[in-house]
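Visitor: Sharing a structure with you now.
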DNA sequence: TTCATTTCCATGTAATTGCATATATTTTTA
DNA sequence: TAAAAATATATGCAATTACATGGAAATGAA
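Chains as they are written, first to last, in my numbering: chain G, 11 to 161; chain B, 11 to 161.
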């Protein structure tokens, strides 16, 4: 007589959902805490700069960053502001499109990536990799692609 | 010569980590968007009220909510404020402990749970369950317990 | 070409979250 | 029991995020 069906395969999915969300948020907080404890900026800075480094000489437009990072447009706009203010990226207007701009990682940005990586990797190892078998890690990797755009 | 090792089992774990975080954030945003589109409050309200409903007549202290939801103390404090202001929970001081209080879901709170559940469930079905096989759902459920307290 | 639509980006304001710290009470220690 | 430490909760302030909207340029349709 409750409004929640507490048995059967449907409930299994709901449980899995709840665990996934809780676990991933919890994990993320622990990794962020490690970065902060090392006096480093948040993960989102790393992700953005990593995309810019991957983009190489061509750079990336904010809208590209938006799609690759699955962020809202206004969040990208503000994130780019902060990264620029901190000297980790440079903007250039695009001559071929007056609306657009292109972002490039700076030398300092590259240095930041290098400084963050050992801490980041160690946090991943400790909080994510360590409690799992290699098999489970591969399962996660495979399963999660179902939720991400373009394989 | 890069600072990132792009091969081997270590990198597999990093890829799995990145996919897990991106996918779960993306999923969460989609479910939140469905709730908002239906004119309903955010998921965290549902989670909190669900815990209160489960707690039944005994109620729950904020600190219990904090542990069950894996939230920071100040976030619980503010969440409880909002839920109380909206009339979805009631607070009572604890006579046995002058610092503490106990929270109870109100009738309106129960109504809100019932109103949110069909939208929430449908969002889970659509965004989470649908793209996966039953086997993968069970794998997720099992794997994620490794990251949660008291399995 | 002209006008409507879409794309790309920014921003004012409000809501939320994070951080540090405060307050009151209980528990522990000496 | 007095003092110290720990627990439960709140809150001022800063940073971030969300929402709504704006503006400028490009694209497409008529």
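Every residue, glycine too, gets a C-beta built ideally from N, C-alpha and C.
Note that the structure is a prediction, hence the values are computed from the model and not measured.
Over what stretch of residues does the alpha helix (DSSP H) that includes residue 136 of chain G continue unbroken?
Guide: First-last for residue 136 of chain G: undefined, no H or E at that position.
Visitor: What does residue 146 of chain B reach in chain G if we use C-beta pairs closer than 7 Å?
Guide: The contacting residues are 153.
Visitor: Does the count of Cβ pairs from the segment 69-78 of chain G and the segment 107-115 of chain G closer than 8 Å reach three?
Guide: Verdict: yes, contact present.
Visitor: Can you tell me where the beta strand (DSSP E) with residue 101 of chain G in it begins and where it stops?
Guide: Run containing residue 101 of chain G: 99-103, per the beta strand (DSSP E) assignment.
Visitor: Since residue 60 of chain B is in the alpha helix (DSSP H), which residue starts that stretch and which ends it?
Guide: Per DSSP, residue 60 of chain B belongs to the alpha helix (DSSP H) from 53-65.
Visitor: Between the alpha carbons of residue 129 of chain B and residue 136 of chain G, how many angstroms are there, rounded?
Guide: Straight-line Cα distance between these residues: approximately 37 Å.
Visitor: Among B/51, B/28, B/151 and B/140, which one has its Cα closest to the Cα of residue 127 of chain B?
Guide: Nearest option by C-alpha distance: B/51.
Visitor: Looking at chain G, is there any beta carbon in it that lies within less than 9 Å of the beta carbon of residue 157 of chain B?
Guide: Taking Cβ atoms only, chain G reaches closer than 9 Å to residue 157 of chain B, which makes this a yes.
Visitor: In terms of alpha-carbon separation, which member of G/158, G/35 and G/141 lies closest to residue 81 of chain B?
Guide: Out of G/158, G/35 and G/141, G/35 has the C-alpha closest to the C-alpha of residue 81 of chain B.
Visitor: Counting only beta-carbon atoms, is residue 73 of chain B nearer than 9 Å to chain G?
Guide: Chain G, which has no Cβ nearer than 9 Å to the Cβ of residue 73 of chain B, makes this no.
Visitor: How many angstroms separate the CA atom of residue 17 of chain B from the CA atom of residue 45 of chain G?
Guide: Any reading at residue 17 of chain B is ruled out, since the residue's pLDDT is 46, under 50, leaving its predicted position unreliable.
Visitor: Based on Cα-Cα distance, which residue from B/24, B/25 and B/37 lies nearest to residue 157 of chain G?
Guide: Cα-wise, what sits closest to residue 157 of chain G is B/37.
Visitor: With DSSP collapsed to three states, give me the class of residue 81 of chain B.
Guide: Residue 81 of chain B: coil per DSSP, three-state reduction.
Visitor: Quick one: what's got a C-beta closer than 7 Å to residue 60 of chain B's C-beta in the same chain, skipping five residues either side?
Guide: Correct list, in chain order: 123.
Visitor: Between the C-alpha atoms of residue 39 of chain G and residue 56 of chain G, what's the straight-line distance to the nearest angstrom?
Guide: If you take the alpha carbons of residue 39 of chain G and residue 56 of chain G, they lie about 15 Å apart.
Visitor: At least one CB of chain G closer than 9 Å to the CB of residue 39 of chain B: is that the case?
Guide: At least one chain G Cβ lies under 9 Å of residue 39 of chain B.
Visitor: Of all the options B/62, B/139, B/53 and B/92, which has the alpha carbon lying nearest to the alpha carbon of residue 117 of chain B?
Guide: Minimum Cα distance to residue 117 of chain B is reached at B/62.
Visitor: Could you tell me which chain G residues have their CB closer than 8 Å to the CB of residue 141 of chain B, listed as they occur along the chain?
Guide: The answer, in chain order, is 156 and 157.
Visitor: Any Cβ of chain B within less than 9 Å of the Cβ of residue 80 of chain G?
Guide: Output row for residue 80 of chain G: interface = yes.
Visitor: In chain B, which residues lie with their C-beta within 7 Å of the C-beta of residue 27 of chain G?
Guide: Those are 134 and 138, listed as they occur along chain B.
Visitor: Pick helix, strand or coil for residue 70 of chain B, following the three-state DSSP scheme.
Guide: Here residue 70 of chain B sits in strand by DSSP.
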